[in-house]
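First comes the structure, then the notes that go with it.
Residue numbers (this note's numbering): 22 to 445.
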């Protein structure tokens with residue numbers, strides 16, 4: 022919101038011919054700057070137990086300190102709507118609690134979200150224990166509402182049966198250029214926790230990995246409930262959804278979170294995107310001009326693989342506890358409570374993200390407005406990632422292309438050493 026006196030100079034400011042600070046001073050407005058001081062933080066100590074990861078930091082000389090955000094603390098944007106009332110997790114139809122909340126003294130300190138996570142997981146997800154795994158310190162005093170300004174939390178629900186995607190998920194996260202980032206993964210399994218993430222959690226303090234053995238339960242946790250668990254475990258001001266099977270370019274977080282900040286939005290999602298159909302090797306670009314009129318809004322707001330939002334609003338307005346189409350109700354509720362203007366759309370024309378389409382997808386194959394030639398595919402931002410290039414090259418040399426995306430990375434690399442022009 023600029024004063025009216027600045028408006029005549031906007032053209033020169035926009036084209037870089039005149040600094041905004043000069044104009045502000047010229048019309049008698051003050052210029053503020055923040056001190057460059059950042060608190061020093063000692064190396065992070067990782068705690069790992071049974072597939073669960075948590076950590077804390079200590080200031081030199083003793084005492085715990087919250088990890089600093091990469092961005093300087095800033096005041097709440099005046100364009101943001103006020104904080105939302107707690108809505109809690111919408112339970113499945115016909116659901117009845119099979120456990121009771123723990124002691125009154127403990128449960129009295131929990132938020133509505135935390136109570137619902139405990140009850141709807143049949144007591145498996147204990148907020149009092151899980152809050153200690155968040156990357157904030159001291160763990161004993163942390164509450165779910167606390168977060169680190171400027172930090173972006175990549176969140177991903179997954180399953181033991183999708184372990185072949187875990188190395189790729191980590192590679193996408195590690196490639197991101199956003200400075201202060203973390204990856205929060207909630208996995209359910211019936212045999213053993215992800216071997217890759219269990220090992221990585223011991224090596225890298227940016228990973229918060231929680232794995233639940235659901236073999237003894239009547240049914241697995243839903244995707245919606247696991248998404249809510251990732252929100253509770255995240256410590257960042259911003260939340261960035263990654264689907265474990267999709268590919269995200271190195272600049273994805275920088276672009277999406279940056280636009281969320283610049284536009285003063287509560288949430289942002291892609292309004293067009295690139296798809297790679299692994300069964301055929303076809304890349305297609307989906308946008309509103311290929312959708313039926315009654316499908317446009319659901320397609321614009323109903324694909325959670327590209328959701329970016331402010332964590333505080335997600336805590337108040339969590340995902341419903343359903344296993345299919347949990348994304349759209351989340352975004353529609355934000356639009357309803359915060360206003361349409363608070364939830365933004367952004368077309369992807371640069372190839373920030375590649376939505377991978379395969380037989381294990383829970384949604385129908387998306388339609389696309391145009392097929393993307395292979396030459397153009399290689400110029401997209403996502404194609405700069407080495408592991409995606411390896412996949413494309415390995416797939417091109419295989420007579421069983423639909424299998425390649427289900428292979429671990431070392432198989433792709435092994436195939437690159439084989440003779441070219443031979444079907445393997």
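Quick reminder that beta carbons are idealized off the backbone N, C-alpha and C, glycines included.
No experiment lies behind these values; they were computed from the predicted model shown.
Where the beta strand (DSSP E) containing residue i begins and where it ends
i: residue 331; result: 329-331
i: residue 363; result: No beta strand (DSSP E) contains residue 363, which DSSP labels as neither H nor E.
i: residue 288; result: 288-298
i: residue 376; result: 374-378
Outcome for residue i when other beta-carbon atoms lying within 10 angstroms are tallied against a minimum of 16
i: residue 223; result: exposed
i: residue 211; result: exposed
i: residue 116; result: exposed
i: residue 391; result: exposed
i: residue 292; result: buried
i: residue 120; result: exposed
i: residue 109; result: buried
i: residue 357; result: exposed
i: residue 183; result: buried
i: residue 236; result: exposed
i: residue 103; result: exposed
i: residue 239; result: exposed
i: residue 361; result: exposed
i: residue 190; result: buried
i: residue 155; result: buried
CB contact flag (residue i, residue j, <7 Å)
i: residue 281; j: residue 329; result: yes
i: residue 123; j: residue 249; result: no
i: residue 364; j: residue 355; result: yes
i: residue 376; j: residue 296; result: yes
i: residue 268; j: residue 169; result: no
i: residue 209; j: residue 265; result: no
i: residue 233; j: residue 145; result: yes
i: residue 148; j: residue 127; result: no
i: residue 348; j: residue 294; result: no
i: residue 322; j: residue 352; result: yes
i: residue 270; j: residue 373; result: yes
Reduced DSSP secondary structure (H/G/I, E/B, other) of residue i
i: residue 304; result: strand
i: residue 264; result: coil
i: residue 337; result: helix
i: residue 257; result: strand
i: residue 280; result: helix
i: residue 392; result: strand
i: residue 285; result: coil
First and last residue of the uninterrupted alpha helix (DSSP H) at residue i
i: residue 231; result: From DSSP, residue 231 is part of no alpha helix (DSSP H) but of the beta strand (DSSP E) over 228-234.
i: residue 395; result: 395-398
i: residue 241; result: Per DSSP, residue 241 belongs to no alpha helix (DSSP H) and is neither H nor E.
i: residue 126; result: 125-128
i: residue 136; result: 133-141
i: residue 321; result: 317-322
i: residue 149; result: 148-151
Unbroken stretches of the beta strand (DSSP E), 3 residues or longer, contained in the segment 160-224: 169-180, 202-210
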